[in-house]
Every structure is written in structure tokens, then in C-alpha cells.
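So for the sequence shown, this note's numbering puts the first residue at 2; every next one is plus one. C-beta: ideal position from N, C-alpha, C; glycine also. Small disclaimer: the values here were computed from a predicted structure and weren't measured. Heads up: the structure comes next, in C-alpha cells.
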Amino acid sequence: MSPEINYKAELVGVFGHPIAENPTIVMQEAGFRELGLNWRYLNIEVYPDDLAAAVQGLRAMNMQGINLTIPHKVAVLHYLDEVAEDAKLMGAVNTVRREGNRLIGENTDGKGFLRALRDDANIDPAGQNVVILGAGGAARAIGVELALAEAAHITIVNRSVQRGQDLTTLLEDKTPAQVAFVEWNGAYAIPAQTNIVVNASSIGLYPDITAKPDLDYDTITADMIVCDVIPNPPRTPFLKEAEARGARALDGLGMLVYQGAIAFKMWTGYDAPVEVMHQALAEVFKS
């Protein structure tokens, strides 16, 4: 008896605008190839006014899930059947997975950071004192996950007072962490008792690769681990300054790979080939 013929590919992808330069496709397709899966990842240009129709298309085409990037991470909440509790706290979804006919919203950004912290740096955030630079989407995702992972104290440092206070209030009200806000209006001095420093701002992102956060860099010590969410280039000026003072550095490439690996598992049910995916992205950022 001949084997069953199946030419059907399972579809996932990303909705965004603009979308042409989003490199997630490279690592996800590398993962599918490595495991011999007949899956495809599509970069799909979706304008803000078309998001509802795009989600309907996702349902109609029986796609297995989707990533969301700018500007859809918040707006998509209105079109899903269910949203995970941590994603509700963040107020944003970056990954949708399918359960039967239901679309479930998740946020893997903060989870990706936590996994990089635990697996690559061997750091458990429980009981740690954390400084987060920024209060945007990345800071919100990382702050929520660190708080839920029982970080002892989190300091939010941000130029916009309202946005910084909003994130501080959210974490204070919805998580067990102790949280403080500091307005970022000059070279910020990192408190001596800090264990983990996270640049969750966009400072240093390509093409502005020489920029670095406004800090008193001599307050970084060898006892700290200093993390940057910027994946391109992975070794940012911020991390170089930290390493020059003896601190351990954790780059944003690992966070990007791990958040994608978590989505890969949600969609396919298979553990993602993390090393293969990491290498695929690293090659892109070298070019």
C-alpha cells in the first residue's frame, strides 16, 4: 500500500506594517527545515485598518498561528477568543496560537528574556533586584515576567513620567514585586544593590548602532549582569561598557531566538531546534 500523499503545508507567519525587514522568518523556516516539517512562515503586510479582516483570514485559511509586530500587538486583543493572563497584564499579544477553532493570544517576549536569563546566563530572577531602562512594550513584557518570577524589587527608569508611572502601578497592583519609578533626566546612577540591569529601550537599535543609554557607567559593577534587548547588533555599545567594568553581558539575540522558540513549540508541538535558529539569525545580523 502506497504512503498517504499530503502536499498541504501548515501556515504561520507575522502580521505587521512595515514588515519587509522582519527577520523572524529566517529562524522559523530554519527550524522547520531542521525538523523536516512541512510548515511555512510568511511575512504578511497588514495595515492597521485591515487587522480585523486579517484575523478573519487567519481563521478562514486554518493557519496554525501568527506573530504580531508593530502596530498590531495591542489592537489584536479585540479579535481573539482568549488571552493568556500574563499577556492581559502586559496589554499586548505578540503570538496567537490555535486550539481547535479558537485563537488564543500569548506574549512570548518576556518569556524569551526569562529563558535567556536562566538558560544562557544561569540566573534565577527570584529574589533579585532589577533595574529596567524604558517603559514601552519590551519593558512591560519583561517587567511582568520578572515580577511573576518573584524578583524582589524592580526599578523602572524612564523619561516619560506618565508611562513610567503607569508601568510601576501595574506591577505594584497586579504582581507581588516591590516596584519604584525613577524619572530618567540625566546620567542615571545604578544603585549598588542592583543584581540585574536591563536596557528595554530602543537606544542602540539599528541603524543608530553607536547610541547607548545615558548612564553613569562607573556605577556598573562586576557583581551585576547587564542585559540588552537590542538584537542587531547583538554586542551593543551598552554591553561593551558593562563588560569593560567586569559585568556579565546578555545580548538581545538570545531573547529574540527564545521568544521565537516558545512560539515554535506553541504552534508545532515540537521543541524548537534553538541552536539552529540562533545560528540562522546570527548569520543575518552579520551580513
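- With a cutoff of 7 Å on beta-carbon distance, residue 152 and residue 129 are scored as near each other.
- Cβ-Cβ separation between residue 210 and residue 234: approximately 6 Å, consistent with a contact (criterion under 8 Å).
- Closest in C-alpha terms to residue 279, from the list 73, 174, 252, comes 252.
- Scanning 196, 101, 282, 39 for the CA closest to the CA of residue 61 turns up 101.
- Here residue 14 really is in contact with residue 44; their C-beta atoms are around 6 Å apart, less than 8 Å.
- Cβ neighbours of residue 162 within its own chain (closer than 7 Å, five residues either side excluded): 184.
- Note that the stretch 198 to 207 touches the stretch 222 to 231; at least 3 beta-carbon pairs, one per stretch, sit closer than 8 Å.
- The closest CA to that of residue 188, considering only 218, 172, 53, is found on 218.
- In summary, residue 68 is buried, with 16 or more beta-carbon neighbours lying within 10 Å of its beta-carbon over all protein chains present.
- DSSP, read as helix, strand or coil, puts residue 162 in helix.
- For residue 204, the CB contacts under 6 Å within the same chain, skipping 5 residues up- and downstream, are 212, 214 in chain order.
- Inter-residue distance for residue 171 and residue 140 is about 12 Å (C-alpha atoms, whole angstroms).
- A distance below 7 Å separates the beta carbons of residue 90 and residue 145.
- Rounded to whole angstroms, the separation of the alpha carbons of residue 11 and residue 58 is 14 Å.
- In the displayed model, residue 18 falls within coil according to three-state DSSP, outside both helix and strand.
- Residue pairing by DSSP leaves residue 124 without any beta bridge partner.
- If you ignore the 5 residues before and after residue 122, its C-beta comes within less than 7 Å of the C-beta of 226, 249, 251, all in its own chain and listed in chain order.
- At a cut-off of 4 residues, the continuous stretches assigned as alpha helix (DSSP H) that sit fully inside the stretch 69 to 97 are 86 to 91.
- Taking all protein chains in view, the Cβ of residue 194 is surrounded by fewer than 16 other Cβ atoms within 10 Å, so the residue is classified as exposed.
- For the 7 Å CB-CB criterion, residue 81 and residue 106 form a contact.
- Contact check for residue 96 against residue 262 fails: the beta carbons are separated by 7 Å or more.
- As a beta-bridge residue in DSSP terms, residue 229 pairs with 200.
- When DSSP states are grouped into helix, strand and coil, residue 31 belongs to the helix group.
- By the criterion of a C-beta distance shorter than 6 Å, residue 207 is surrounded in its chain by 233, once the five residues flanking it on both sides are discounted.
- Distance from the CA atom of residue 259 to the CA atom of residue 116, rounded to whole angstroms, is 7 Å.
- Nearest to residue 72 by C-alpha distance, out of 84, 47, 34, is 47.
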